[in-house]
Amino acid sequence: MQLNVSQLLKATIGSIRDYEVSSTVDIGGGSLVQGEVRLTRTHRSILVKCTLHTEVEVTCSRCLSLFSCPLVLSMEEEYFPTTDVVSGASLPLPEEPGCFTVDEHHILDLTEAIRQYALVATPMKPLCAEDCAGLCPYCGHNLNQGPCDCLTQGSERKDVNYGSFTQTKIR
Numbered sequence: 102m103q104l105n106v107s108q109l110l111k112a113t114i115g116s117i118r119d120y121e122v123s124s125t126v127d128i129g130g131g132s133l134v135q136g137e138v139r140l141t142r143t144h145r146s147i148l149v150k151c152t153l154h155t156e157v158e159v160t161c162s163r164c165l166s167l168f169s170c171p172l173v174l175s176m177e178e179e180y181f182p183t184t185d186v187v188s189g190a191s192l193p194l195p196e197e198p199g200c201f202t203v204d205e206h207h208i209l210d211l212t213e214a215i216r217q218y219a220l221v222a223t224p225m226k227p228l229c230a231e232d233c234a235g236l237c238p239y240c241g242h243n244l245n246q247g248p249c250d251c252l253t254q255g256s257e258r259k260d261v262n263y264g265s266f267t268q269t270k271i272r
């Protein structure tokens with residue numbers, strides 16, 4: 102998601118530009134990202150504040166099914182120009198590592214910031230539903246699709262974790 106900020110870089114400090122955005126961004130698969138972006142000219146950079154909505158495909162931590170997880174990204178980042186918009190001279194970058202920059206063509210690219218914020222916003226243990234039943238610990242059947250055979254047959258269940266140790270003889 103790229104925005105041309107050459108006119109904003111020429112504007113006075115405190116100038117604001119608001120955008121409605123809708124674009125496909127590669128954050129683990131092509132995801133549609135929509136929302137509002139506000140750019141503010143500061144004395145040395147452009148401050149980006151935005152609220153974006155997207156969905157990422159994740160795996161449920163209980164039943165291992167793929168599902169689409171909605172995310173809301175509230176971002177606030179500073180982008181530093183690399184080239185003076187009037188003279189074309191190179192500008193010194195801040196000494197802090199990992200800062201975002203506006204390229205030499207005055208294009209502000211939000212893609213990497215969106216990707217980073219999406220990674221942070223993605224749940225560590227995503228659930229397809231709050232009442233997800235998960236997998237049967239004996240046969241691995243997805244219990245959201247109904248009961249498994251090993252629970253309905255009433256037969257003695259084999260312990261898959263320690264089953265081989267039942268045959269071991271201790272001397």
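Each residue of the sequence shown is one higher than the last, beginning at 102 in the numbering used here. All C-beta atoms, glycine included, are put in the ideal place defined by N, C-alpha and C.
Cβ contact annotation for Pro-195 (same chain, cutoff 7 Å, sequence separation greater than five): Phe-181, in chain order.
If you draw a 10 Å sphere on the C-beta of Leu-172, you find 16 or more other C-beta atoms in it, and that means buried.
In the same chain as Gly-131, and ignoring 5 residues on each side of it, the C-beta atoms closer than 7 Å to its own belong to Thr-125, in chain order.
The secondary-structure analysis by DSSP pairs Gly-136 across a beta bridge with Val-122, Leu-153. One alpha carbon belongs to Ala-230, the other to Arg-142, and they sit about 43 Å apart. Non-local beta-carbon contacts of Ile-114 in its own chain, meaning distances under 6 Å to residues more than five positions away in sequence, involve Arg-142, His-144 in chain order. Excluding residues up to 5 positions away in sequence, Leu-192 lie with their Cβ nearer than 7 Å to the Cβ of Asp-185 in the same chain.
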